[in-house]
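K.L.:
The structure under discussion is supplied below as structure tokens; questions concerning it will follow.
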């Protein structure tokens, strides 16, 4: 095997073991295991002690990604559902061959443990921002599933709290750490496509959704399902088991949830990265016409959120077009280029199925290096704002102008009112 | 608003209707009579005996459109533990000062969680008039209330709040102190943002020296460093024994771009453990500061392995031609991990002077250094084909392999023949695998895929079966018409080994161009094994790729005709089902006559009919009564309107007609589909002149009627 083959093979191994980090400038960067001091046996002091909050379907997947990491010691789980707590504990205890994993119903108890360095938050979206900021204030680093915020104000608060506390935040937008998406965004961001004109994202639906108020049903015993904690910061409503699907409960801002946020937190986020717009958001939003929602960045780059017109490259596709070329890619791990020259001799690893392992690894590396991970609170803040603003344009069904410096809509009081909502006491951010 | 979907489980439709009218109406008539009437209607719901669900959702509407008029009714709900946060959602955003007053009033009468909520809402509104009232709650016996009050004061900020919090930090109840510290941090942050650095630093200092949770102390230390630009305090953290203090020091340093911070990091490098050195190197590397390069280069030679690995990585990103020797030394060193990191870094150096240095050094290099430089030529895509060809014939297999890979990364179209020859007639058997990989690397980056495919195709004849298989695989990756013709020919040929490779390649083809080739291979006369594979590939195109409704329907129709097994027939039905249209409806309905899948076809037909609505029922009737054979249709002209008020809509109708006499508009509403109403309030007609199977006909349709063009 030649050195260049070795390098390629080594990079593949490297990606598979996901030793991989980025800088605050979001420049792709790789850090080897040895460089972080865990190439061989890992000392207890080098382990990241992790607790999980909300370990349902997605949380179970994320938990698996964490448990694959040799420098992680997962010590506790918290869930308002007894079945979820028990299932997660069984998985963790089986991994370590012990019965040591502690279980909690209330996240405040887990967060009060001094021995926990970082938390995985995979509750329903209703809790994400509140739990993440509580964790940061308790001195924990946070890997938090997406969508990470319910509205524009929460997005801004999230970024502010993590800046203030100096804690590490990684939103669960794992496509930021998959080679084909990285490559596509890099081509766009570094001018390889010429002047960037249009970035495309696939929203998987544009209907705005409110969870509302379901028919009351008898509340289960607190130990089985703690309904009050499940609601958490969401406005009160009576128990109904249909609400227990965290995926659909209070997905967005109550009034204007759903919409482009669910998938937009992935694919609009990638467009933000491609457009070099990680610290800003589009300034103009038009409600959808013929299945296309168009928004515009201040520099004129157009963001198109559309349902159709994609190549067969898997789910969550994105496409970036510049004056000199274009690239389209999706979850298959494959991509199509306007010209093979854009590869410039590079080999881009094809990893289909959008695994989160690499993203989790990036997070853990940054826990150690204190550099910003790819989907830091700042980055997630503006990607989410772009989605929330688009949702508000869909909801109000009129064009909106957004000022990303003042973080307000220009001349539209109703849109501005939709930037936030009250949290149920005692919760706050 | 009409695009919004409300997942209201049991909530009132009345509220939904009002919400829709309200937002649209409010936009059309800002401040007008209608808006006031509508707000009155919403307020009336709050004041009525309506179920709580309706009141809750009404609060949300008032959050968007409520005025002072809504405040009293909302204020009453604040005391209701179940509706309190619904009401606060509106009160937090209604701009009128009466909302502040209502919340302040509620603060005087409530307790427990409801009181916490009200205090939080006053904090959101940053109501300075509430400071005194909130401050009184710092001594509330309920710790949640007292803590909420402390944080709220921090959010509101201002001198009075700051003084209250400072006093509480010094002499307040111990249990509330963590929240008081949080409040102080929030006030200090506002002072810092306002440029009042001295006051901010003083407040941060008070927190960092108080007996408060460690996280608050760290936040205060960060604050002091930022407010005072305090390098000594930063340096102290970088050298602190406490790992968390080191971390806050490092992350704070990353926030500051100044040269003195860089110096502090450089200064700390020699005084900390190797583990911390590695992290400081990474931190230095992200500073946009050329002065760090010598320090990092120094660390490359004397640091621990951890440090050296990080150095290699960062040099690739920030280094220049002066780093070459250091990197080459590391690349030919004994440690494989460091060697590979150094080679990667040499490939990544952005300095254009590096290319000339690599080429010059290559002409004199031997052994390991030569192989490394060849790898770097490939990684950097340096044009050195003559030198690489020479190296590709070297006696040393490692140098040959490196050279072949580098050629793969650098050859142009007219030099491709050399790599093709290395695949079809390898000089060294052990080079076969790497030569194929190099050829693939070269071919997929060729700017003219057709010319590339022509070279590969012509190399097929006379080559061994193994080499032909390799060429076919590469052709599949290149794509285009020439590749398709060659791969298609191999798939239809007699050589089993080639059929295997070619049929797999066609099944993964990235463009719909492969469809006719696959359909041909799926005919009953073809080999059974490859026939099934081809049909599945054909249906993959129908399912996944961009096709018009008519094209997709026709593909499924063809697939149903040639399929030998129900598995593939059901796949075709699945494609029809996931792409509902009038065209796919007809094909699904016709498939009901295939006995073995009749049940599934009926289910799919029903599903499609339900989704497409409109003329589906009539289409199904036609299918049942007279069949619905495809026809050649050409739209000549189409007009929509009445009398003189008509508009030409020929292009819209042209785009919407398939081969099945059905015009599928984007909406059943003609006005929407044709871009507006040409004669508001009057009954209109669509008149279409068209040619069908050679005969010219004209047909008229009443507004919004299903459009099925009659046969001659």
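Residue numbers (the working numbering), protein chains in the order written: chain A, 403 to 831; chain B, 42 to 753.
Glycine included, each C-beta is placed from N, C-alpha and C at the ideal position.
Predicted model, so just to flag it, every value in this text is computed and none were measured.
Would you mind reading off the limits of the beta strand (DSSP E) that contains residue 698 of chain A?
P.N.:
Element bounds for residue 698 of chain A: 694 to 698.
K.L.:
Give me the Cα-Cα distance between residue 667 of chain A and residue 633 of chain B, rounded to the nearest whole angstrom.
P.N.:
Rounded to the nearest angstrom, the two C-alpha atoms are 43 Å apart.
K.L.:
Work out the CA separation of residue 401 of chain B and residue 888 of chain A for me, nearest whole Å.
P.N.:
No information on residue 888 of chain A is available, as it lies outside the stretch 403 to 831 that chain A covers here.
K.L.:
Take residue 495 of chain A and list the residues in its own chain whose beta-carbon comes closer than 8 Å to its own, dropping the five residues that flank it on each side.
P.N.:
Only 501, 502 and 503 meet the Cβ criterion.
K.L.:
Any idea what DSSP makes of residue 821 of chain A, helix, strand or coil?
P.N.:
Coil at residue 821 of chain A, not helix or strand.
K.L.:
Straight-line CA distance for residue 287 of chain B to residue 278 of chain B?
P.N.:
Roughly 5 Å separates the two Cα atoms.
K.L.:
What residues of chain C sit near residue 185 of chain B, judged by a beta carbon separation below 7 Å?
P.N.:
In the structure shown, chain C cannot be found, because the protein chains are A and B.
K.L.:
Using a Cβ cut-off of 7 Å, pull out every chain A residue sitting near residue 314 of chain B, in sequence order please.
P.N.:
Within chain A, no residue comes near residue 314 of chain B; the closest Cβ sits about 10 Å away, beyond 7 Å.
K.L.:
Contact defined as beta carbons within less than 8 Å: I believe residue 416 of chain B pairs with residue 390 of chain B. What is the distance between those atoms, to the nearest angstrom?
P.N.:
Actually they do not touch by this definition, with Cβ atoms about 14 Å apart.
K.L.:
Would residue 596 of chain B pass as an interface residue toward chain A - the criterion being a Cβ-Cβ separation below 8 Å?
P.N.:
Not one chain A Cβ lies under 8 Å of residue 596 of chain B.
K.L.:
Report the three-state DSSP secondary structure of residue 519 of chain A (helix, strand or coil).
P.N.:
In the structure shown, residue 519 of chain A sits in coil (DSSP, three-state: anything other than H, G, I, E or B).
K.L.:
Do residue 142 of chain B and residue 100 of chain B come within 8 Å of each other at the CB atom, strictly closer than that value?
P.N.:
Contact flag unset, no.
K.L.:
Determine, using beta carbons only, whether residue 294 of chain B and residue 307 of chain B come nearer to each other than 8 Å.
P.N.:
Going by C-beta atoms, residue 294 of chain B is not nearer than 8 Å to residue 307 of chain B.
K.L.:
Within the 8 Å Cβ cut-off, does residue 561 of chain A reach chain B?
P.N.:
No - not a single Cβ of chain B is within 8 Å of the one on residue 561 of chain A.
K.L.:
Any idea if residue 812 of chain A is buried or exposed, counting beta-carbon neighbours within 10 angstroms, 16 or more meaning buried?
P.N.:
Label assigned to residue 812 of chain A: exposed.
K.L.:
Please compile the residues from chain A whose C-beta is within a distance smaller than 7 Å of the C-beta of residue 333 of chain B.
P.N.:
Chain A residues near residue 333 of chain B: none, gap ~14 Å exceeds 7 Å.
K.L.:
Leaving aside the five residues before and after residue 66 of chain B along the sequence, list all residues of the same chain whose C-beta is less than 7 Å from its C-beta, in chain order.
P.N.:
With a pLDDT of 43 at residue 66 of chain B, under the threshold of 50, the predicted position of this residue should be treated as unreliable, and no value is reported.
K.L.:
Name the one or two DSSP bridge partners that residue 476 of chain A has.
P.N.:
A/452.
K.L.:
Under the three-state reduction of DSSP, which class applies to residue 715 of chain B: helix, strand or coil?
P.N.:
Coil at residue 715 of chain B, not helix or strand.
K.L.:
Quick one: is residue 643 of chain A buried, meaning 16 or more other Cβ sit within 10 Å of its Cβ, or exposed?
P.N.:
It is exposed - the Cβ of residue 643 of chain A has fewer than 16 other Cβ atoms within 10 Å.
K.L.:
Specify, as a first and last residue, the run of the beta strand (DSSP E) that residue 571 of chain A falls within.
P.N.:
571 to 573 is the extent of the beta strand (DSSP E) around residue 571 of chain A.
K.L.:
Residue 621 of chain B: which of B/607, B/593, B/683 and B/704 sits nearest, CA to CA?
P.N.:
Of the candidates B/607, B/593, B/683 and B/704, the one whose C-alpha sits nearest the C-alpha of residue 621 of chain B is B/593.
K.L.:
Just the C-alpha distance for residue 189 of chain B and residue 610 of chain A, rounded to the nearest angstrom, thanks.
P.N.:
The straight-line gap from Cα to Cα measures roughly 33 Å.
K.L.:
Output the distance between the C-alpha atoms of residue 603 of chain A and residue 734 of chain B, rounded to the nearest integer angstrom.
P.N.:
Roughly 42 Å separates the two Cα atoms.
K.L.:
Could you check whether residue 635 of chain A and residue 829 of chain A sit closer than 8 Å to each other, using their CB atoms as the reference points?
P.N.:
Cβ atoms of residue 829 of chain A and residue 635 of chain A: closer than 8 Å.
K.L.:
Going along the chain, which residues of its own chain have a beta-carbon closer than 6 Å to the beta-carbon of residue 497 of chain A, five neighbours each way excluded?
P.N.:
Closer than 6 Å at Cβ, skipping near neighbours: 469.
K.L.:
Find the nearest neighbour of residue 752 of chain A within the set A/448, A/546 and A/580, judged by alpha-carbon distance.
P.N.:
Among A/448, A/546 and A/580, the Cα nearest to that of residue 752 of chain A belongs to A/580.
K.L.:
Between the alpha carbons of residue 686 of chain A and residue 705 of chain A, how many angstroms are there, rounded?
P.N.:
Those two C-alpha atoms are separated by around 10 Å.
K.L.:
Does the distance from the C-beta atom of residue 453 of chain B to that of residue 475 of chain B stay below 8 Å?
P.N.:
Against a cut-off of 8 Å, the Cβ pair of residue 475 of chain B and residue 453 of chain B comes out as no contact.
K.L.:
Taking only beta carbons into account, state which residues of the segment 719 to 750 of chain A come closer than 9 Å to chain B, listed in chain order.
P.N.:
Under the 9 Å Cβ criterion, the segment 719 to 750 of chain A contributes 736, 738, 741, 742, 743, 744, 745, 746, 747, 748 and 749.
K.L.:
Between residue 158 of chain B and chain A, is any beta-carbon pair separated by less than 8 Å?
P.N.:
Closer than 8 Å: yes.
K.L.:
Assuming residue 450 of chain A contacts residue 473 of chain A (C-beta within less than 8 Å), just tell me the rounded distance between them.
P.N.:
Indeed, because the Cβ distance is near 6 Å, the residues count as touching under 8 Å.
K.L.:
Check the Cβ of residue 714 of chain A against every Cβ in chain B and list those closer than 9 Å, keeping chain order.
P.N.:
By Cβ distance, chain B contributes 551, 581, 582, 584, 585, 586 and 587.
K.L.:
Taking 8 Å as the threshold (C-beta atoms), are residue 424 of chain B and residue 384 of chain B in contact?
P.N.:
No, Cβ-Cβ distance for residue 384 of chain B and residue 424 of chain B is not below 8 Å.
K.L.:
Under 8 Å between beta-carbons, which chain B residues line up against residue 567 of chain A? List them in chain order, please.
P.N.:
Here the neighbours are 256, 259 and 260.
K.L.:
Does residue 637 of chain A come within less than 8 Å of chain B when only Cβ atoms are used?
P.N.:
Interface residue, yes.
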